[in-house]
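Colleague: There's a structure below that I have some questions on.
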Amino acid sequence: MSKLNLKGRGPGALLSLGCAALGVVCLAAYCVYGAVFDYFDTGVCIALLLAAACAGVYALAEGKPLGALNLVSAACLSFALGLFFLNSFPVWADNLNGITMYASRGGLAPVVAIAAVMLACILAEIVSCFLSRGKGDAK
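Residue 1 is where the sequence shown starts when you use full-length UniProt numbering, and the numbers rise one by one after that.
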């Protein structure tokens with residue numbers, strides 16, 4: 001079994017690898033939040049899983065055709081954030097207006113935290129699109 005060698009990787013690959021790790025953390029946080037407060041959506045889960053996989057493959061695999069995977073990861077994360085935000089509407093409405101019209105479960109803090117991590121991942125993936133993937137690569 002070969003060892004994982006990150007020495008030859010450029011800043012784009014390392015940033016994308018960090019985003020993949022943060023995406024897995026976000027996926028775990030979303031799954032726990034969705035299970036506890038009954039807001040789980042399979043679409044968000046699949047999009048987060050696909051985004052983390054694309055970012056990880058982009059960072060660790062070799063080959064020119066894989067160069068767009070960080071952009072695909074950013075698109076999947078954007079879809080996941082939009083769907084998560086749409087699904088969390090009752091939490092936003094009840095907490096920001098001080099009402100219980102939608103009988104939302106859970107507080108606003110986990111929703112904001114998960115959305116902030118997703119947004120950070122999106123921005124990191126967009127930045128990684130403009131950085132070199134290998135130390136010898138020129139973008």
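Heads up, the beta-carbon is just placed ideally off N, CA and C, and yes, glycines get one too.
Please name the residue in Trp92, Cys54 and Leu86 whose C-alpha comes closest to that of Gly18.
Modeller: Nearest C-alpha to Gly18: Cys54.
Colleague: Touch check for the stretch 66-74 and the stretch 41-54: three-plus C-beta pairs under 8 Å?
Modeller: Touching, yes, given that three or more Cβ pairs across the two stretches are closer than 8 Å.
Colleague: At what residues does the alpha helix (DSSP H) containing Leu14 begin and finish?
Modeller: Per DSSP, Leu14 belongs to the alpha helix (DSSP H) from Pro11 to Phe37.
Colleague: Please state whether the Cβ-Cβ distance between Ser78 and Pro90 is less than 8 Å.
Modeller: Result no, Cβ atoms of Ser78 and Pro90 do not sit closer than 8 Å.
Colleague: Take Gly56 and list the residues in its own chain whose beta-carbon comes closer than 6 Å to its own, dropping the five residues that flank it on each side.
Modeller: If we look at Gly56 and ignore the five residues flanking it on each side, its Cβ neighbours are Ala20.
Colleague: To the nearest angstrom, report how far apart Gly43 and Ser88 are at their CA atoms.
Modeller: Whole-angstrom Cα-Cα distance: 14 Å.
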